[in-house]
Each structure stands twice: as structure tokens, then as C-alpha cells.
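*Asks:* Chains as they are written, first to last, in the numbering used here: chain V, 1 to 172; chain B, 1001 to 1172.
Glycine included, C-beta positions come from ideal geometry on N, C-alpha and C.
Computed from a predicted model, the values in this text were never measured in an experiment.
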DNA sequence: TAGTACAAGATGAACGCTCAACCATTCCGG
DNA sequence: CCGGAATGGTTGAGCGTTCATCTTGTACTA
């Protein structure tokens, strides 16, 4: 690493707008979801993915990936939601390491009760402020970023620093 | 509230892309800042605002607003950074309720040491994935969202639920 | 000049997330 | 078929954020 590729004026403004929009939107959405349904966005995401899955069941690792969460996060979250009775865990028949997370009826009810207000808050936070063209452009840009970040992302996408420490036994 | 204004297919995809890009970008940037400088993004933001202010000094509330943080967050964060010797707090001469936060020389050094790698990570996460046109469009959309969210935002922008609880003594 | 409303900050508990370990199981090369 | 590496998932400590509350100080109004 030698010299920094600084941001020009335009890029600075773009980055600031990105940051601001990001914070404003997720604050608003998160806060409202918390108030209305008593759960953070990450939990909602998990419940949503499960509800779309066959048998409302997913392996923990698949769940983590599809909800863009680290394994650790999902593990904690599912444990918590199991206590609430929204999810049950069973061990996977074909791979004895694996765990299956299944959405319970109760969990589905809670999710469905949360959806309408959540959707409304997303609309207010994002779409009510955009023209149709702006929305299309936003989508294109976001998808480009995601695509760029999903190929060879420096170190793994999901984080979680690997099974052992940063460099354990990895020599030779 | 009667019927929900659901998201159509296009809006769904836009929202998912927004969420994904948001998570991917802030994960990457946050993680790298933490690794390289040992501070979260929110702290960086605070230090950055202070460094741009006259006398590297800002009132807590102004600092909170300009860093898009809640008062409470800034209070905790500044307390922590004061222990690290990056910031000092003085009471405000003109308003004895107020506190002034000033960036120390040490704090400025730490910030400046953190900047280059942070900027690089932002470039990699965002700008390397976008054409110039996409970047301009992204900026426009983000600014539209921010503008929309900054006027009459339902309840106050910064959060923090007000001086007293949700409805304390407020009756008649 | 009270008295009441409001603003600025601080604070502690609750909570979710991350990081670094750790155990169990499966995969794979010799 | 054995032994090391990789995979799947969990766990606990540490930390930052939020929420509700409190204290102190200012502003407004009667």
C-alpha cells in the first residue's frame, strides 16, 4: 500500500448521502419494527426467510447466508426466538453436525402480524421519497454494489473469522 | 390505518437490493475500520465532525445532530473516547447545561492515522462497483430519500424518545 | 417572581452483535 | 482405514446502542 485513492468532491457527497440515507432509513424502520412487533430487523429477516422455505424449515447455515447474517448471529437469534416459541430446532437427519430451524405456527402468526406495519414503514422511508425513475436507478446501483461485493470479497462475505483463530495451524 | 400499501415486485427487489448493499457495505467498512483503527464507524464519524469544527470543538447536541446520532449515543461514545484521551469535555460558558467536546491532539493523530485505510475501504466497497453514471444516480436517489425523511419525519429524526418517557406528565 | 414547561446531558440496565474460542462430525489424501 | 483438515454450529465475554429515567439549568407566562 503506497498512496491513498482519495475521494473527489463528488464521491464525498455521494458517500455522505449514502451514509445519511442508510442511517435514517434503518433507524426509522428498525425503531418502528421494534415498537410494533418487539423484534429487531435481523429477527424479522430470519422469520421471513423461514416462512418462505419449504416446510418453513432451513438449515442454520443456509438461513445465515440467506439472511445475510453471520452464523454466530443466527445462532444467538434462533436460540432467543426458540425461547419465545417462534422457532424450534431439530438436528438434521443426513448430517449429524447440522441443525434445522423450523418456524412454528406461533412464529408465523407473530411474523404475519408484524408484516403490514413494517411494509408501510419501508414505503414511507424509501419509496414515498422517490420517483419511479429514481427508484429504478437506485435499484440498479445497489445491485451493482452487491454484485461487486459478492465476487472475491477480500475475505469471506459472512464474516465470523473462521473455525479457529485468525491463523491457527494454518502454516505449511 | 385500514389497508396496507403493499410493495409491488419491483419495489420488493429494490428494497432487497437496498438491504443487501447496505449490510454488505457497512459490514465491510465497519469491520475494516475496527481492525485497523480499533474504533466503530460511529466513533470515526464523531471524530471527523470534531476535526472539521472551529477549534475542533462542538456542543454535544450539535455533535449528535451532525453525526446523525442520538444524544445518548454521543454521550456514551464521548465518555469512552475521553478515557482514551481522544476528546476532552468542558462545560459551556454561555449555557451552563451545555458541554463542549474538543478533539485533542492525540485524538486528531488517531483519526488521521485511520483515514487512509478507511477511505480505501469505502472506495472498494462502493465506488469500485459503480460506473460514473450509476454513482450520480445513486447520489440523487439517496439525497431524495434524505430530503424526504428530514421534513416532518413522523417523530423526531434523532430518536432518543424525548426528555421524559413516551408520555410523562403530558396530560392536560 | 413564582411556577411550569422545556432543553441539555448523564446514566444504568437490557439487549443484540462480534470475536475468538471450542466441540462434534464429515471429508479426503496417503 | 487412519489422521489431519475442513465444516456446522454453539458459547461466553466484551462492547456499543437503545430506552427510560434523572438532574440540572433555561425560557416562558401569569
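List the residues of chain B whose Cβ lies closer than 7 Å to the Cβ of residue 110 of chain V, in chain order.
*Replies:* Result: empty, since nearest Cβ-Cβ is about 17 Å, beyond 7 Å.
*Asks:* Measure the beta-carbon distance from residue 121 of chain V to residue 32 of chain V and round it to whole angstroms, keeping in mind my assumption that it falls under 8 Å.
*Replies:* 4 Å
*Asks:* Have a look at residue 128 of chain V and residue 1080 of chain B and give me their C-alpha separation to the nearest angstrom.
*Replies:* 38 Å
*Asks:* Hey, residue 125 of chain V and residue 1139 of chain B: beta-carbon distance below 8 Å or not?
*Replies:* no
*Asks:* Applying the 10 Å Cβ sphere with the 16-neighbour rule, what's the burial state of residue 1095 of chain B?
*Replies:* exposed
*Asks:* Quick one: what's residue 1101 of chain B bridged to in DSSP?
*Replies:* B:1058, B:1089
*Asks:* Between which residues of its own chain and residue 50 of chain V is the CB-CB distance below 8 Å, once the five residues before and five after are set aside?
*Replies:* 56, 57, 58, 63, 87, 101, 102, 103, 107
*Asks:* Applying the 10 Å Cβ sphere with the 16-neighbour rule, what's the burial state of residue 14 of chain V?
*Replies:* buried
*Asks:* Along the alpha helix (DSSP H) that carries residue 15 of chain V, what are the first and last residues, could you check?
*Replies:* 9 to 37
*Asks:* Given this structure, state the Cα-to-Cα distance separating residue 27 of chain V from residue 4 of chain V, to the nearest angstrom.
*Replies:* 32 Å
*Asks:* Out of curiosity, what's the CA-to-CA distance linking residue 1036 of chain B and residue 1006 of chain B?
*Replies:* 43 Å
*Asks:* Can you tell me where the alpha helix (DSSP H) holding residue 52 of chain V begins and where it ends?
*Replies:* Where residue 52 of chain V is concerned, the enclosing alpha helix (DSSP H) stretches over 41 to 52.
*Asks:* Quick one: using the 10 Å Cβ neighbour count with 16 as the cut-off for buried, is residue 1076 of chain B buried or exposed?
*Replies:* exposed
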